[in-house]
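Numbering (my numbering), first residue to last: 552 to 691. Beta carbons are placed, not taken as given, at the ideal position from N, Cα and C, and that holds for glycine. Notes follow once the structure below has been shown.
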Amino acid sequence: MRRVVLSAFALSLLAASTVPMAMAADVTVIVTDAEPNGRGVFVQLCTQEEFLKRCTLRDKAAAKDDTVRIVFKDVPPGAYAATAFQDVNDNAKLDRGMFGAPSEPWAVSRDAKGRMGPPVFEDAKVDVTDKPLTLEMDLD
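See the structure below:
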């Protein structure tokens, strides 16, 4: 009986090791319509829990021309939404007007727009798989 249990255990380990594991992929975010003034364009790739907050995957690049490209390496598979803004006044934050709307150029993946408030994750989400992904976003 012990040999049968060990053999079944060995077979289950072998079967588990042959199941393909989901691999991480690179996600490239291309932000267009930036003001080519050298000011930073901040880009984030957010999970649903992080959306419209400070996200774990974030980077910035100076806008030397009207297009900024940021590559997030080895992003685990899952649902994400990208956000971007150009920091016109160089204070490292997205400034907002009196009613909370952004007062600096900004964008959200899939051109998601809110109705009487910010966009929702479902409208902005993209699925990251094991294949490279490129997102293009235009600053408003």
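According to DSSP, is residue 652 part of a helix, a strand, or is it coil? For the purposes of this step, residue 652 is identified with residue 101 of the sequence shown, where counting begins at 1. Three-state result, residue 652: coil.
Buried versus exposed call for residue 658 [16 or more other C-beta atoms within 10 Å across all chains shown]: Position 107 of the sequence shown holds residue 658. By the neighbour-count rule (16 or more Cβ atoms within 10 Å), residue 658 is buried.
Distance, Cα to Cα, residue 663 vs residue 674? Sequence index remark: in the sequence shown, residue 663 carries index 112 (1-based). Sequence index remark: in the sequence shown, residue 674 carries index 123 (1-based). If you take the alpha carbons of residue 663 and residue 674, they lie about 5 Å apart.
To the nearest angstrom, report how far apart residue 585 and residue 574 are at their CA atoms. The count along the sequence shown starts at 1 and reaches residue 585 at position 34. The count along the sequence shown starts at 1 and reaches residue 574 at position 23. Straight-line Cα distance between these residues: approximately 32 Å.
Ranges of the beta strand (DSSP E) found wholly within the stretch 596 to 622, counting only runs of at least 3: 608 to 613
Between residue 687 and residue 583, which are expected to be in contact by the criterion C-beta below 8 Å, what is the C-beta distance as a whole number of angstroms? On the sequence shown, position 136 is the one that residue 687 refers to. On the sequence shown, position 32 is the one that residue 583 refers to. Yes, residue 687 and residue 583 are in contact; Cβ-Cβ is about 7 Å, under 8 Å.
Mind checking which residues open and close the beta strand (DSSP E) that includes residue 635? To locate residue 635, count along the sequence shown from 1; it is residue 84. It spans 629 to 637 - the beta strand (DSSP E) in which residue 635 sits, taken as one unbroken run.
Run of the beta strand (DSSP E) containing residue 585, from where it starts to where it stops: Against the sequence shown, residue 585 aligns to sequence position 34. Run containing residue 585: none; DSSP gives neither H nor E here.
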